[in-house]
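Quick notes on the structure that follows.
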Amino acid sequence: MKKSTRKVVRTGTIITIAALLGLTLYLNLRDGSQTVNVGDEAVDFKLETLDGDEIQLSQLTDEKGVILNFWGTWCKPCREEMPDMNQVYNEGHEDYEIIAINVSENPQQISQFISGLSEDLDYPIALDPNRSVTKAYNIGPLPTTIAINKDGEVVKKQEYQLTKEDIHAFIESSVE
Numbered sequence: 011m012k013k014s015t016r017k018v019v020r021t022g023t024i025i026t027i028a029a030l031l032g033l034t035l036y037l038n039l040r041d042g043s044q045t046v047n048v049g050d051e052a053v054d055f056k057l058e059t060l061d062g063d064e065i066q067l068s069q070l071t072d073e074k075g076v077i078l079n080f081w082g083t084w085c086k087p088c089r090e091e092m093p094d095m096n097q098v099y100n101e102g103h104e105d106y107e108i109i110a111i112n113v114s115e116n117p118q119q120i121s122q123f124i125s126g127l128s129e130d131l132d133y134p135i136a137l138d139p140n141r142s143v144t145k146a147y148n149i150g151p152l153p154t155t156i157a158i159n160k161d162g163e164v165v166k167k168q169e170y171q172l173t174k175e176d177i178h179a180f181i182e183s184s185v186e
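Going by this note's numbering, the letters in the sequence shown line up with residues 11 to 186, in that order.
As structure tokens, this is what we get:
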């Protein structure tokens with residue numbers, strides 16, 4: 011290959027890499043400016059549940075602490091923590107609410123997944139089909155769980171599977 015041809019190929023490659031890096035940086039900064047982290051005020055949302063009801067966060071946080079659990083049907087740790095989440099929910103949820111937010115899957119797929127579980131889930135399953143809530147809360151790996159107190163402040167966030175003790179700690183932080 012001639013020296014001039016190598017120079018053109020090398021220059022083209024460098025320009026392409028720089029453009030891709032710039033685009034990635036732009037998209038991350040743009041999305042990051044709208045995200046919520048621990049200590050921030052929770053972003054209000056209204057989502058439909060698998061049962062066809064609507065859940066609005068601000069209506070719940072006026073009365074209770076709220077635990078948001080982001081999950082997917084393909085996520086093995088999500089499946090593994092669901093029985094513990096359900097058991098803790100059924101211990102009594104007068105002061106708190108647990109909401110499972112499915113990240114962008116269709117209702118039929120979710121229903122099929124739920125019917126394949128060994129026990130029924132008693133807490134609400136909300137649908138985030140366009141990932142707007144997922145993006146607002148800066149959700150990365152699944153499962154991710156967020157605690158919001160009665161003042162509407164995000165007080166705790168953890169990625170990956172929770173133990174029953176972790177779930178209790180999330181509830182305690184949301185109702186303090």
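All C-beta atoms, glycine included, are put in the ideal place defined by N, C-alpha and C. Here the structure is a predicted model, which means the values were calculated and not measured.
- Assign residue 17 to one of two classes, buried (16 or more other C-beta atoms within 10 Å of its C-beta) or exposed (fewer than that). exposed
- Are the beta-carbon atoms of residue 93 and residue 153 separated by less than 7 Å? Cβ distance not < 7 Å, so residue 93 and residue 153 don't count as in contact.
- Task: Assess, as a yes-or-no matter, whether the segment 69-82 is touched by the segment 104-120 under the definition of 3 or more beta carbon pairs within less than 8 Å.
- Result: yes
- May I have the straight-line CA-CA distance separating residue 131 from residue 21, to the nearest angstrom? 57 Å
- In this structure, does DSSP put residue 149 in helix, strand or coil? coil
- Item | For residue 66: DSSP bridge partner residues | Answer by DSSP bridge pairing, in chain order: 56.
- Excluding the 5 residues preceding and the 5 following residue 215 in the sequence, name in chain order all residues of the same chain whose CB lies nearer than 8 Å to its CB. Nothing can be reported for residue 215: it is not among the residues displayed for the chain, which extend from 11 to 186.
- Task: Use the C-beta contact count for residue 75: other C-beta atoms within 10 angstroms, 16 or more gives buried, fewer gives exposed.
- Result: buried
- residue 163 bridges to which residues according to DSSP? 51
- Task: Just the C-alpha distance for residue 42 and residue 160, rounded to the nearest angstrom, thanks.
- Result: Note that residue 42 has pLDDT 44, beneath the 50 cutoff, so the model's placement of it is unreliable and no number is given.
- Find the nearest neighbour of residue 72 within the set 101, 58, 106 and 138, judged by alpha-carbon distance. 106
- Message: Between residue 137 and residue 57, how many whole angstroms is the CB-CB distance? I'm expecting something under 8 Å.
- Response: 6 Å
- With residue 176 as the anchor, note down where its alpha helix (DSSP H) starts and where it stops. 174-185
- Taking 7 Å as the cut-off, decide whether the C-beta atoms of residue 10 and residue 168 are in contact. Summary: the structure shown does not reach residue 10, with the chain confined to residues 11 through 186, and so no result is reported for it.
- At which residues does the beta strand (DSSP E) containing residue 94 begin and terminate? From DSSP, residue 94 is part of no beta strand (DSSP E) but of the alpha helix (DSSP H) over 86-100.
- Minimum Cβ-Cβ distance from residue 50 to chain C less than 7 Å: Absent here is chain C; the protein component of the structure consists of one chain.
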